[in-house]
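Just so you know, we're using my numbering here: the sequence shown kicks off at 98 and counts up by one. Think of the CB as a built atom: it goes at the ideal place given N, C-alpha and C, for glycine as much as any other residue. Only a predicted model underlies this, so the values are computations on that prediction, with no experimental measurement involved. Let me begin by presenting the structure, written as structure tokens, before commenting on it.
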Amino acid sequence: MIAIAFFFVATTVFAKQTLFKNAGLSQEIIVALDVTEKSASGTYGSHEYGEAAEPARRFTGRVIPPPAGEKGVYLEIHFAGAIPYQAPPGTTWPIWHLKMVNHRAHLFIPMTQKSYEGNTPTWVAAEVELEPQGEL
98 MIAIAFFFVA
108 TTVFAKQTLF
118 KNAGLSQEII
128 VALDVTEKSA
138 SGTYGSHEYG
148 EAAEPARRFT
158 GRVIPPPAGE
168 KGVYLEIHFA
178 GAIPYQAPPG
188 TTWPIWHLKM
198 VNHRAHLFIP
208 MTQKSYEGNT
218 PTWVAAEVEL
228 EPQGEL
């Protein structure tokens, strides 16, 4: 019942395009996302600080059932051409998800990132959290 309620809220909340942002240590990621019923669309953009931003890449997607035991709205995302960020190994179609954090939906995107924990930097799969900035 909670999943159905969240899905209803998410499709109602995202009837207009919502802007999500992650201001990381070396780069900024900006996603404009519109989720309507069972489909998604929008743009993905990122840039290193101090460098000119590349044009945002358009994407489409569809709402899919969450993995067993998980909550939230899960989205299978499709870009024309290559995925514009370093996705975890074996990713054909990225799976993003929306999850409620402090009463607002946040966007989570699985990416491969460099981890500086320990003596030697290593590449790890991590979920990057993008916070809502408001409607466009």
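Over the uninterrupted beta strand (DSSP E) stretch that includes S123, give me the two end residues. Taking the sequence shown and counting its residues from 1, the one referred to as residue 123 is at position 26. Where S123 is concerned, there is no enclosing beta strand (DSSP E), given that its DSSP letter is neither H nor E.
Please identify the residue among L204, Q114, D131 whose C-alpha is closest to the C-alpha of E228. On the sequence shown, position 131 is the one that residue 228 refers to. Nearest C-alpha to E228: L204.
Measuring alpha carbon to alpha carbon, tell me which of A179, E167, I161, M208 ends up nearest M197. As a working mapping, residue 197 is identified with position 100 in the sequence shown. It is E167 whose Cα lies nearest to the Cα of M197.
By the DSSP assignment, the beta strand (DSSP E) with Q210 in it spans what residues? Here the question's residue 210 lines up with position 113 in the sequence shown. Run containing Q210: 201-212, per the beta strand (DSSP E) assignment.
Along the chain, where does the beta strand (DSSP E) containing T219 start, and where does it finish? Sequence index remark: in the sequence shown, residue 219 carries index 122 (1-based). Note, T219: beta strand (DSSP E), 219-232.
Taking only three categories from DSSP, how would you classify G215? Within the sequence shown, residue 215 is the residue found at index 118, counting from 1. Coil.
What are the boundary residues of the beta strand (DSSP E) that includes T137? For the purposes of this step, residue 137 is taken as residue 40 along the sequence shown, with counting starting at 1. A small correction: the amino acid at residue 137 is Ala; Thr does not occupy that position in the sequence shown. 136-145 is the span of the beta strand (DSSP E), which, as asked, contains A137.
Take P152 as the anchor and find which of P162, A129, R159 has the nearest alpha-carbon. In the sequence shown, residue 152 corresponds to position 55, counting from 1. Comparing Cα-Cα distances from P152 to each of P162, A129, R159, the minimum goes to A129.
Locate the beta strand (DSSP E) running through G158, then write down its first and last residues. By one-based count along the sequence shown, residue 158 stands at place 61. Unbroken beta strand (DSSP E) run through G158: 154-161.
Determine the closest residue to E134 out of R155, A179, A177, R159, with distance taken between C-alpha atoms. Stepping through the sequence shown from its first residue, residue 134 is reached at position 37. Considering only alpha carbons, the answer is R159.
Going by the DSSP bridge assignment, what does Y171 pair with across the sheet? Your numbering for residue 171 matches position 74 in the sequence shown. Beta-bridge pairing links Y171 to I161, H194.
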